[in-house]
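Protein chains: 2
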Amino acid sequence: VIDQTLLPGRLELLRLDSPAAVGEAIRSMRVRGAPLIGVTAAYGLALAIAEDPGTRAIERAAQALCATRPTAVNLAWAVSRIGEHVRPLPAAERAAAAWRAAGELAEAEVRACEAIGRVGAALLSERFPVAARPLEILTHCNAGWLATIEWGTALAPIYRLRDEGRAVHVWVSETRPRNQGLLTAWELREHGVPCTLVVDSAAGPLLASGRVDCCLVGADRIAGNGDVANKIGTALKAVAAKDAGVPFYVAAPLSTVDWGLADGRGIPIEERDRGEVTDEFDIAVFNPGFDVTPARLVTALITELGVAPAGDLPKHFMELGVLHPARLARPGAELES
Amino acid sequence: VIDQTLLPGRLELLRLDSPAAVGEAIRSMRVRGAPLIGVTAAYGLALAIAEDPGTRAIERAAQALCATRPTAVNLAWAVSRIGEHVRPLPAAERAAAAWRAAGELAEAEVRACEAIGRVGAALLSERFPVAARPLEILTHCNAGWLATIEWGTALAPIYRLRDEGRAVHVWVSETRPRNQGLLTAWELREHGVPCTLVVDSAAGPLLASGRVDCCLVGADRIAGNGDVANKIGTALKAVAAKDAGVPFYVAAPLSTVDWGLADGRGIPIEERDRGEVTDEFDIAVFNPGFDVTPARLVTALITELGVAPAGDLPKHFMELGVLHPARLARPGAELES
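Line by line, the protein sequences are chains A and B. Using our numbering, you'd call the opening residue of the first sequence number 61 and step up by one each time. Using our numbering, you'd call the opening residue of the second sequence number 61 and step up by one each time.
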């Protein structure tokens with residue numbers, strides 16, 4: 061994996077060769093981004109199964125991986141898929157099968173992100189016809205290929221538009237306390253997309269001034285009613301966008317939807333270390349890693365299966381024939397393939 | 061002055077003995093806070109007059125001081141008051157008169173802040189009767205005694221409530237890129253007021269969750285219609301507070317009102333150095349120091365002359381008999397005393 065804590069200053073690869081190394085990399089955010097930590101955890105479980113293919117050992121390893129970061133549902137979803145896949149097999153075959161399944165999951169995420177790029181680019185092209193100035197997009201955190209495997213979620217439509225020759229400029233929100241906005245600025249610059257870094261608070265005047273055509277962010281977990289958990293700072297942008305009449309889009313693969321969850325109140329919000337905010341040790345700190353944007357502030361979801369209204373997601377995807385009602389009961393329910 | 065760039069790590073006094081030293085201290089934010097830079101600039105002009113009491117030299121020095129930071133109107137207001145005060149006097153008497161006038165201005169700011177504390181504490185006591193939990197206030201940047209001379213603006217009612225024995229807890233917004241929230245946390249802790257530091261983005265979930273009773277911030281310039289320029293990040297909090305039904309109060313002395321300015325569009329917004337945001341030199345940066353909160357998002361202004369609706373301010377204060385219509389034409393118009 062790329063050690064993302066060293067970017068944008070240094071691009072360094074890190075070899076994760078044990079479940080413990082995978083857990084550490086996810087917890088410390090060397091590996092980050094909801095889809096990427098899902099796939100990385102899947103490989104982590106495969107490494108654990110290679111060490112001990114017993115059913116109880118697999119369960120313990122899965123629990124340890126899921127505890128590293130609680131908010132992104134992709135992690136629990138990916139780990140549970142690998143577990144379910146190997147459970148019926150003889151112990152001797154489990155490690156190889158888990159490794160193959162993790163690889164398939166990675167491929168599926170790449171295909172989903174590519175599709176999100178196509179769907180999102182088509183939506184933005186239709187909604188915002190070519191004008192004298194570039195299309196101005198505000199994003200938050202990093203939802204590019206660093207956070208996925210290829211393409212990204214929120215950045216996939218932007219890369220696609222760039223490839224189609226459309227002029228795009230991106231306002232990149234710093235994303236305190238971990239400054240993942242720098243990762244986004246690095247990614248965009250490497251790919252020739254002009255961008256400008258701003259502090260998170262600058263979204264206020266940018267949105268109010270008419271300088272931003274739309275917001276486009278990723279997601280860590282989406283409830284059935286369309287409430288979106290994403291990196292802390294997303295919710296303030298959504299409410300300011302609504303106030304300014306600027307569309308607010310969320311791009312995410314359907315592996316991010318927690319089908320059985322009625323609304324965002326049920327999403328566990330990770331509280332991270334105080335040292336991320338300040339090293340002054342006699343000041344009390346509250347450091348939630350995520351916030352929940354209510355569905356009423358989300359203009360639409362951009363998924364690999366098309367643009368979805370940010371309303372009743374299970375109903376929408378059942379009507380599309382891709383979600384079976386029986387699967388709604390458990391978190392991370394699988395789509396019909 | 062206290063060199064605020066060293067706080068909260070180190071409390072160090074700095075002697076400013078020339079107009080150039082005063083200008084540098086204001087520009088580099090060693091001295092910061094709208095009321096405090098007004099008074100400091102007044103003393104800076106007195107130092108300049110001691111060097112050269114000629115009318116043109118005074119004008120040049122006044123212009124140089126006003127150019128250090130363009131957004132806070134208190135600076136231009138204080139400098140122009142000193143200039144007007146000494147102009148009719150013989151050159152030999154100007155330096156001493158300017159020094160006395162700067163001292164009177166400082167005293168007037170202290171009295172104004174003390175009155176803001178009384179007015180604000182009474183408002184909050186009435187609006188939020190004592191409950192089982194402490195009164196929960198969210199503030200932004202630093203509008204305490206560090207930013208004024210004594211008491212502060214937004215923090216004055218909090219200190220007053222504490223003195224009255226009311227339990228108060230303050231959520232302190234970090235205030236990127238300069239992290240003045242740390243100054244507020246330091247001030248509050250020194251005075252025994254419990255507080256918790258959060259990143260600016262955390263205002264979203266805090267306001268939406270019902271954990272905050274009201275927002276209370278200062279101001280750098282207020283237009284006649286009640287639009288409020290304050291530290292970048294204020295506007296996002298105001299729109300989120302409105303969405304959550306949480307009152308949003310602005311505390312400021314009337315020296316902060318730019319009576320002749322119709323609305324917030326006329327307020328010059330300082331753009332500061334990119335290095336405040338990142339030292340990665342190949343990333344483009346936009347770093348506005350302030351934003352404008354529209355009057356419709358402000359529940360009320362807390363001033364030394366009482367609580368004012370954030371609507372037509374000139375009309376309100378003319379009806380109170382403290383503002384003469386003829387004075388509206390020029391910025392920083394003086395109130396009848």
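No residue lacks a Cβ here, since even glycine has one placed at the ideal position from N, Cα and C.
Span of the alpha helix (DSSP H) around residue i
{"i": "residue 14 of chain B", "result": "Since the first and last residues shown for chain B are 61 and 397, residue 14 of chain B lies out of range."}
{"i": "residue 70 of chain A", "result": "Unbroken run through residue 70 of chain A: none, as it is neither H nor E."}
{"i": "residue 290 of chain B", "result": "First-last for residue 290 of chain B: 288 to 291, but that is the beta strand (DSSP E), not the alpha helix (DSSP H)."}
{"i": "residue 380 of chain A", "result": "Segment: none, residue 380 of chain A is in no alpha helix (DSSP H) and carries neither H nor E."}
{"i": "residue 351 of chain B", "result": "Premise fails: residue 351 of chain B lies in the beta strand (DSSP E), 350 to 353, not in any alpha helix (DSSP H)."}
{"i": "residue 336 of chain A", "result": "Careful: residue 336 of chain A lies outside any alpha helix (DSSP H) and carries neither H nor E."}
{"i": "residue 218 of chain B", "result": "215 to 223"}
{"i": "residue 241 of chain A", "result": "241 to 250"}
{"i": "residue 298 of chain A", "result": "294 to 304"}
Closer than 9 angstroms to chain B by CB, residue i
{"i": "residue 347 of chain A", "result": "yes"}
{"i": "residue 338 of chain A", "result": "yes"}
{"i": "residue 143 of chain A", "result": "no"}
{"i": "residue 397 of chain A", "result": "At residue 397 of chain A the pLDDT is 44, less than 50, meaning the model places this residue with poor confidence; the figure from the coordinates comes in the next sentence. Not an interface residue."}
{"i": "residue 391 of chain A", "result": "Unreliable positioning characterises residue 391 of chain A in this predicted model, as indicated by a pLDDT of 45, which lies under 50. The coordinate reading is nonetheless provided below. Not closer than 9 angstroms to any Cβ of chain B, the Cβ of residue 391 of chain A fails to qualify, so no."}
{"i": "residue 293 of chain A", "result": "yes"}
{"i": "residue 218 of chain A", "result": "no"}
{"i": "residue 231 of chain A", "result": "yes"}
{"i": "residue 329 of chain A", "result": "yes"}
Within chain A, the residues that residue i reaches when beta carbons sit closer than 9 angstroms
{"i": "residue 273 of chain B", "result": "Under the 9 angstroms cutoff, chain A gives no residues; its nearest Cβ is about 16 angstroms from residue 273 of chain B."}
Check whether residue i and residue j have beta carbons under 9 angstroms apart
{"i": "residue 109 of chain B", "j": "residue 172 of chain B", "result": "no"}
{"i": "residue 123 of chain B", "j": "residue 91 of chain B", "result": "no"}
{"i": "residue 198 of chain A", "j": "residue 230 of chain A", "result": "yes"}
{"i": "residue 194 of chain A", "j": "residue 347 of chain A", "result": "no"}
{"i": "residue 264 of chain B", "j": "residue 292 of chain A", "result": "yes"}
{"i": "residue 336 of chain B", "j": "residue 338 of chain A", "result": "no"}
{"i": "residue 301 of chain B", "j": "residue 363 of chain B", "result": "no"}
{"i": "residue 131 of chain B", "j": "residue 289 of chain B", "result": "yes"}
{"i": "residue 286 of chain A", "j": "residue 369 of chain A", "result": "yes"}
{"i": "residue 258 of chain A", "j": "residue 345 of chain B", "result": "yes"}
{"i": "residue 178 of chain A", "j": "residue 161 of chain A", "result": "no"}
{"i": "residue 318 of chain A", "j": "residue 326 of chain A", "result": "yes"}
{"i": "residue 360 of chain A", "j": "residue 324 of chain A", "result": "no"}
{"i": "residue 261 of chain B", "j": "residue 296 of chain A", "result": "yes"}
Under 9 angstroms from the C-beta of residue i: neighbouring residues of chain B
{"i": "residue 172 of chain A", "result": "The premise fails here: residue 172 of chain A is roughly 27 angstroms from chain B at the closest Cβ pair, so nothing lies under 9 angstroms."}
{"i": "residue 282 of chain A", "result": "Those within 9 angstroms of residue 282 of chain A in chain B number zero; the least Cβ separation is about 17 angstroms."}
{"i": "residue 242 of chain A", "result": "338, 340 and 343"}
Closer than 8 angstroms at the beta carbon, the chain B residues around residue i
{"i": "residue 236 of chain A", "result": "234, 236, 259, 260 and 261"}
{"i": "residue 249 of chain A", "result": "342 and 343"}
{"i": "residue 252 of chain A", "result": "The contacting residues do not exist; residue 252 of chain A stays about 13 angstroms from chain B at best."}
Any C-beta of chain A under 9 angstroms from that of residue i
{"i": "residue 204 of chain B", "result": "no"}
{"i": "residue 296 of chain B", "result": "yes"}
{"i": "residue 333 of chain B", "result": "no"}
{"i": "residue 197 of chain B", "result": "no"}
{"i": "residue 255 of chain B", "result": "yes"}
{"i": "residue 326 of chain B", "result": "no"}
{"i": "residue 351 of chain B", "result": "yes"}
{"i": "residue 97 of chain B", "result": "no"}
{"i": "residue 265 of chain B", "result": "yes"}
{"i": "residue 91 of chain B", "result": "no"}
{"i": "residue 268 of chain B", "result": "yes"}
{"i": "residue 159 of chain B", "result": "no"}
{"i": "residue 385 of chain B", "result": "no"}
{"i": "residue 354 of chain B", "result": "yes"}
Enclosing beta strand (DSSP E) for residue i [first to last residue]
{"i": "residue 281 of chain A", "result": "281 to 283"}
{"i": "residue 231 of chain B", "result": "228 to 233"}
{"i": "residue 199 of chain B", "result": "195 to 200"}
{"i": "residue 149 of chain B", "result": "Segment: none, residue 149 of chain B is in no beta strand (DSSP E) and carries neither H nor E."}
{"i": "residue 361 of chain A", "result": "360 to 363"}
{"i": "residue 206 of chain B", "result": "It is not in any beta strand (DSSP E) - residue 206 of chain B carries neither H nor E in the DSSP assignment."}
{"i": "residue 310 of chain B", "result": "308 to 311"}
{"i": "residue 256 of chain A", "result": "255 to 258"}
{"i": "residue 272 of chain A", "result": "Residue 272 of chain A -> no beta strand (DSSP E), and no H or E assigned at all."}
{"i": "residue 190 of chain A", "result": "Element bounds for residue 190 of chain A: n/a, residue is neither H nor E."}
{"i": "residue 370 of chain A", "result": "Unbroken run through residue 370 of chain A: none, as it is neither H nor E."}
Listed by chain order, chain A residues near residue i by CB distance under 7 angstroms
{"i": "residue 374 of chain B", "result": "None at all; the shortest Cβ gap to chain A is about 24 angstroms."}
Cross-chain neighbours of residue i in chain B, by beta carbon under 7 angstroms
{"i": "residue 68 of chain A", "result": "340"}
{"i": "residue 303 of chain A", "result": "299"}
{"i": "residue 245 of chain A", "result": "343"}
Problem set entry | Unbroken stretches of the alpha helix (DSSP H), 4 residues or longer, contained in the segment 85 to 143 of chain A | 94 to 111 and 115 to 126
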